[in-house]
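Colleague: Structure incoming, see below.
There are 2 protein chains.
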Amino acid sequence: MGTTQLEAAPEPKYWHLRTVLSEALDSEFSVGEILPNERDLAARFGVARATLRQALEQLELEGRLQRRRGVGTTVAPPRVGVAVASTDEDRPGASADAWQVVDSALDAAPAAVAGMLGVRAGESVHVLRRRRVSHGQTVAAELLYVPAASVPGLTAIDAPSGPARGRAVLRELQRQGLDGQDRAVELGSVRAEDAKELDRLPGAPVLVVTTRYFSKGTTAAVAVATYRADTCRLTFGDTPSVEIHHTPESHAS
Amino acid sequence: MGTTQLEAAPEPKYWHLRTVLSEALDSEFSVGEILPNERDLAARFGVARATLRQALEQLELEGRLQRRRGVGTTVAPPRVGVAVASTDEDRPGASADAWQVVDSALDAAPAAVAGMLGVRAGESVHVLRRRRVSHGQTVAAELLYVPAASVPGLTAIDAPSGPARGRAVLRELQRQGLDGQDRAVELGSVRAEDAKELDRLPGAPVLVVTTRYFSKGTTAAVAVATYRADTCRLTFGDTPSVEIHHTPESHAS
DNA sequence: CAGTGGTCTAGACCACGGT
DNA sequence: CCGTGGTCTAGACCACTGA
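Just so you know, the protein sequences line up as chains A and B, in that order.
Under the UniProt record's numbering, residues 1 to 253 are what the first sequence spells out, in order.
Under the UniProt record's numbering, residues 1 to 253 are what the second sequence spells out, in order.
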């Protein structure tokens with residue numbers, strides 16, 4: 001290729017590109033602005049499209065870019081802070097704007113979940129599908145597993161499944177009283193099933209938050225929530241949604 | 001390619017491959033076992049190496065695989081749970097085994113950090129480099145920013161920089177009394193500088209934990225810690241390091 | 001429809017680890 | 001030194017969006 005670079009750089013091209021583009025984003029582009037298409041950009045930098053894409057991938061991972069098939073690549077807004085540790089997250093009333101029940105049914109608990117719940121693997125539990133919307137965008141999809149034993153007062157008046165039933169389960173769970181929570185955060189990839197709802201392709205990176213709800217010394221429920229890693233910053237603590245300038249590349253010197 | 005698959009699958013090859021490999025890992029491989037090399041695997045599945053690599057990348061992201069140049073691809077152990085919200089994380093005595101001070105110096109605070117600390121951008125603050133070791137492996141690198149105003153009692157007896165000075169800063173910070181913390185977790189990529197320490201290539205995914213320490217109503221310090229996303233599960237809450245079966249693909253139905 | 005990003009291929013060479 | 005994964009290329013075709 002050309003003789004543009006004169007550095008003795010053992011630095012990969014895509015990484016250098018990432019840096020160059022990152023700086024360009026800071027200085028020459030504004031949020032929402034659309035970048036030149038990948039073929040043009042690759043040509044402009046004198047690299048193959050695959051290499052250019054590797055750099056774009058990084059920037060998307062860091063929440064700097066947003067790419068949509070058929071549309072283009074745009075400059076992403078700073079990540080939104082979503083509060084994960086609010087105390088009354090599951091109270092249907094208080095959290096109506098944060099979580100909405102999509103569906104509910106009785107289903108077998110996966111082995112990992114069954115273990116945490118202390119029920120037999122494959123035992124049927126309530127499975128609530130919930131969705132979290134923030135700033136007009138779905139930022140998280142969740143599966144909430146509630147063993148029948150945790151909601152003894154649940155009547156059969158409501159339908160056996162559906163959103164209404166789900167809300168009834170939540171109400172009853174809340175009525176039992178929850179005295180503690182326990183969370184873990186790890187990196188994962190979107191299941192094909194959640195991909196559409198989160199408007200991402202299968203395999204896109206997500207932050208998986210596993211929550212255990214305790215009641216009277218036992219694990220009353222387990223929630224597995226997947227947050228879009230590109231657009232979300234999970235906040236914990238007393239001051240939930242303080243706006244912080246985004247931290248693209250882990251931290252600067 | 002061959003006529004092995006008979007599905008009308010609009011599913012990408014790499015995604016299908018990921019699933020197949022994932023199941024194979026569950027049933028036919030044990031932790032630490034070394035997989036066939038990428039060229040062989042690609043040939044075996046009748047795909048290009050790039051496609052095979054895309055599948056491996058996914059599995060590595062999910063913490064199922066570990067790839068090392070010059071060595072090979074091995075089956076990764078379940079992610080280790082690292083407690084992030086323990087109350088006395090910064091007490092030098094109690095956390096000696098978790099965090100170790102690598103270095104310390106006075107340096108300009110990056111804009112984002114300066115904003116949180118309430119100091120002028122570029123103002124000189126104590127910058128502590130710390131490292132967290134778990135199960136004999138470095139799982140996190142951290143930069144702790146402490147403005148001079150937060151450690152008024154700091155004497156000039158110790159060296160102006162170096163690990164010893166860092167420990168002195170920590171001691172003094174602890175002596176001032178911290179009355180609260182505030183955390184945010186987001187996805188990022190390893191800086192080139194941290195890459196070596198974490199034994200990862202630049203750009204590898206990390207969980208960036210930004211912590212603000214409060215004292216007497218003001219932000220006394222800010223820490224930016226980057227955890228290896230492939231090997232770590234961040235835990236919050238009362239029961240820190242309970243072993244949970246890993247959750248590879250966000251969650252199973 | 002044209003234009004975008006997403007997938008896939010079949011090569012090549014490089015950087016690194018261990019022998 | 002060889003074998004490994006990591007980078008890079010130059011193409012091709014597909015899936016989706018919006019005019």
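Note that beta-carbon positions come from the ideal geometry of N, C-alpha and C, so glycine has one too.
Residue range of the alpha helix (DSSP H) that B/ARG233 falls in?
Modeller: For the purposes of this step, residue 233 of chain B is identified with residue 233 of the second sequence, where counting begins at 1. That residue, B/ARG233, is in no alpha helix (DSSP H); its beta strand (DSSP E) goes 232-237.
Colleague: Please report the distance separating the alpha-carbon of B/ARG44 from that of A/VAL146.
Modeller: Translated into the one-based positions of the second sequence, residue 44 of chain B becomes position 44. Translated into the one-based positions of the first sequence, residue 146 of chain A becomes position 146. So the two alpha carbons sit approximately 43 Å from each other.
Colleague: Go through its chain and collect everything with a Cβ distance to A/PHE29's Cβ below 7 Å, but skip five positions before and after it.
Modeller: Here residue 29 of chain A is taken as the residue at index 29 of the first sequence, counted from 1. So the list reads VAL75, once near-sequence residues are dropped.
Colleague: Which residues does DSSP list as the beta-bridge partners of B/TYR145?
Modeller: Taking the second sequence and counting its residues from 1, the one referred to as residue 145 of chain B is at position 145. B/VAL127 and B/VAL222.
Colleague: Could you check the C-alpha separation between A/TYR14 and A/PRO78 for me, to the nearest Å?
Modeller: On the first sequence, residue 14 of chain A is found 14 positions in, with the first residue counted as 1. On the first sequence, residue 78 of chain A is found 78 positions in, with the first residue counted as 1. For A/TYR14 and A/PRO78, the distance between alpha carbons rounds to 23 Å.
Colleague: Where does A/PRO163 sit, in a helix, a strand or coil, going by DSSP?
Modeller: Taking the first sequence and counting its residues from 1, one reaches residue 163 of chain A at position 163. Correct three-state label for A/PRO163: helix.
Colleague: Taking 9 Å as the CB-CB cut-off, is B/GLY188 touching chain A?
Modeller: To locate residue 188 of chain B, count along the second sequence from 1; it is residue 188. It does: the Cβ of B/GLY188 has a partner Cβ on chain A nearer than 9 Å.
Colleague: Is there a C-beta anywhere in chain A that falls below 9 Å from the one on B/GLU11?
Modeller: Working through the second sequence from its first residue, we reach residue 11 of chain B at position 11. So yes, B/GLU11 belongs to the interface.
Colleague: Starting from B/ASP26, trace the alpha helix (DSSP H) in both directions and tell me its first and last residue.
Modeller: Here residue 26 of chain B is taken as the residue at index 26 of the second sequence, counted from 1. Element bounds for B/ASP26: 13-28.
Colleague: Step through the CB atoms of chain A and report whether any lies within less than 9 Å of the CB of B/GLU62.
Modeller: Taking the second sequence and counting its residues from 1, the one referred to as residue 62 of chain B is at position 62. Yes - at least one Cβ of chain A is within 9 Å of the one on B/GLU62.
Colleague: Relative to the alpha-carbon of B/ALA141, which residue among B/LEU17, B/ALA48, B/PHE236 and B/ALA223 has its alpha-carbon at the smallest distance?
Modeller: Taking the second sequence and counting its residues from 1, the one referred to as residue 141 of chain B is at position 141. Measuring from the Cα of B/ALA141, the nearest candidate turns out to be B/ALA223.
Colleague: Which residues, in order along the region 156-186 of chain A, keep a beta-carbon less than 7 Å from a beta-carbon of chain B?
Modeller: Those residues of the region 156-186 of chain A that come within reach of chain B (Cβ to Cβ, closer than 7 Å) are GLY180, GLN181, ASP182, ARG183, ALA184, VAL185 and GLU186.
Colleague: Return the residue from the list B/ALA112, B/ARG212, B/LEU65 and B/GLU172 that minimises the CA-CA distance to B/THR155.
Modeller: By 1-based counting over the second sequence, the position of residue 155 of chain B is 155. Nearest C-alpha to B/THR155: B/GLU172.
Colleague: Within this structure, are the beta carbons of B/LEU207 and B/GLY81 separated by less than 9 Å?
Modeller: Position 207 of the second sequence, counting from 1, holds the residue named residue 207 of chain B. Position 81 of the second sequence, counting from 1, holds the residue named residue 81 of chain B. No.
Colleague: Once you ignore the five residues that flank A/GLU249 on each side, which residues in its own chain have a CB closer than 6 Å to its CB?
Modeller: By one-based count along the first sequence, residue 249 of chain A stands at place 249. For A/GLU249, the pLDDT reaches just 47, beneath the cut-off of 50, and the residue's location in the model is therefore unreliable, leaving the point undetermined.
Colleague: Could you tell me the distance, in whole angstroms, from the CA atom of B/LEU35 to the CA atom of A/GLU38?
Modeller: Counting from 1 along the second sequence, the entry for residue 35 of chain B is found at position 35. Counting from 1 along the first sequence, the entry for residue 38 of chain A is found at position 38. Each residue's alpha carbon lies about 34 Å from the other.
Colleague: So which residues on chain B does A/LEU56 lean against when the C-beta distance must stay under 9 Å?
Modeller: As a position in the first sequence, residue 56 of chain A is number 56, starting the count at 1. Simply none; closest approach about 12 Å.
Colleague: So the candidates are A/ALA109, A/LEU25 and A/ALA105; which of them puts its Cα closest to the Cα of A/THR73?
Modeller: The sequence position of residue 73 of chain A within the first sequence is 73, counting from 1. That would be A/LEU25, whose Cα lies nearest to the Cα of A/THR73.
Colleague: Give me the Cβ distance between A/SER22 and A/LEU59, rounded to the nearest whole Å; I'm assuming they're in contact under 8 Å.
Modeller: Along the first sequence, read from residue 1 onward, the residue named residue 22 of chain A stands at position 22. Along the first sequence, read from residue 1 onward, the residue named residue 59 of chain A stands at position 59. So it is a contact: roughly 6 Å between Cβ atoms.
Colleague: In angstroms with no decimal places, state the Cα-to-Cα distance between A/ALA111 and A/GLY118.
Modeller: Counted from its first residue, the first sequence places residue 111 of chain A at position 111. Counted from its first residue, the first sequence places residue 118 of chain A at position 118. Each residue's alpha carbon lies about 10 Å from the other.
Colleague: Considering only C-alpha positions, which residue in the set B/GLU197, B/ARG191 and B/ARG53 is nearest to A/HIS16?
Modeller: Reading the first sequence from its first residue, position 16 is the one you call residue 16 of chain A. The shortest Cα separation from A/HIS16 among B/GLU197, B/ARG191 and B/ARG53 belongs to B/ARG191.
Colleague: From the DSSP output, in three-state form, read off A/ARG64 for me.
Modeller: In the first sequence, residue 64 of chain A corresponds to position 64, counting from 1. Three-state DSSP puts A/ARG64 in coil, outside helix and strand.
Colleague: Could you tell me whether any Cβ in chain B is nearer than 9 Å to the Cβ of A/ALA148?
Modeller: In the first sequence, counting from the first residue as 1, residue 148 of chain A sits at position 148. Judged by the 9 Å Cβ criterion, A/ALA148 is not in contact with chain B.
Colleague: Need the endpoints of the beta strand (DSSP E) that B/LEU117 sits in, please.
Modeller: Position 117 of the second sequence holds residue 117 of chain B. Unbroken run through B/LEU117 is the alpha helix (DSSP H), 111-117; no beta strand (DSSP E).
Colleague: Counting only the same chain and skipping the five closest in sequence on each side, list residues whose C-beta sits under 6 Å from that of B/LEU41.
Modeller: Within the second sequence, numbered from 1, the residue matching residue 41 of chain B stands at position 41. So the list reads LEU52, once near-sequence residues are dropped.
Colleague: B/GLY63: which of B/ALA225, B/PRO205 and B/ALA148 sits nearest, CA to CA?
Modeller: On the second sequence, position 63 is the one that residue 63 of chain B refers to. Of B/ALA225, B/PRO205 and B/ALA148, the residue nearest in Cα terms is B/PRO205.
Colleague: According to a CB-to-CB cut-off of less than 8 Å, which residues of the region 215-233 of chain A neighbour chain B?
Modeller: Listed by position, the residues of the region 215-233 of chain A near chain B (Cβ gap below 8 Å) are VAL224, THR226, ALA229, ASP230, CYS232 and ARG233.
Colleague: Below 7 Å between beta carbons is the criterion; list the residues of the region 199-215 of chain B that meet it against any residue of chain A, in chain order.
Modeller: Residues passing the 7 Å Cβ filter: PRO202, GLY203, PRO205, VAL206, LEU207, VAL208 and THR210.
Colleague: Looking at the unbroken beta strand (DSSP E) that takes in B/LEU187, where does it start and where does it end?
Modeller: The sequence position of residue 187 of chain B within the second sequence is 187, counting from 1. Note, B/LEU187: beta strand (DSSP E), 180-189.
Colleague: Only counting the same chain, and skipping five residues up and downstream in sequence, which positions put a Cβ closer than 6 Å to that of A/GLY180?
Modeller: Residue 180 of chain A sits at position 180 when you count from the first residue of the first sequence. These residues qualify, in order along the chain: PHE214.
Colleague: Measuring only from the beta carbon, is A/ILE34 closer than 8 Å to any heavy atom that is part of the ligand GDP?
Modeller: With respect to the ligand GDP, the structure offers nothing, as it holds no ligand at all.
Colleague: When we look at the beta-carbon of A/HIS126 and count the other beta-carbons within 10 Å, is it buried (16 or more) or exposed?
Modeller: In the first sequence, residue 126 of chain A corresponds to position 126, counting from 1. Buried, because 16 or more other Cβ atoms sit within 10 Å of the Cβ of A/HIS126.
Colleague: Rounded to whole angstroms, what's the CA-CA distance from B/ARG129 to A/TRP99? Just pull it up for me.
Modeller: The sequence position of residue 129 of chain B within the second sequence is 129, counting from 1. The sequence position of residue 99 of chain A within the first sequence is 99, counting from 1. Near 39 Å, if we compare the C-alpha coordinates of A/TRP99 and B/ARG129.
Colleague: Please check the pair B/SER124 and B/ASP103, which I expect to be a contact at CB under 8 Å, by giving their CB distance rounded to whole angstroms.
Modeller: Taking the second sequence and counting its residues from 1, one reaches residue 124 of chain B at position 124. Taking the second sequence and counting its residues from 1, one reaches residue 103 of chain B at position 103. Between B/ASP103 and B/SER124 the Cβ distance is about 16 Å, and since that is not below 8 Å, they are no contact.
Colleague: Examine chain A for any beta-carbon lying closer than 9 Å to the beta-carbon of B/GLY81, and answer yes or no.
Modeller: The count along the second sequence starts at 1 and reaches residue 81 of chain B at position 81. Yes, B/GLY81 counts as interfacial toward chain A.
Colleague: Name the chain B residues that come within less than 9 Å of A/THR235, Cβ to Cβ?
Modeller: Indexing the first sequence from 1 puts residue 235 of chain A at position 235. What A/THR235 touches in chain B: ASP182, ARG183, ALA184 and VAL185.
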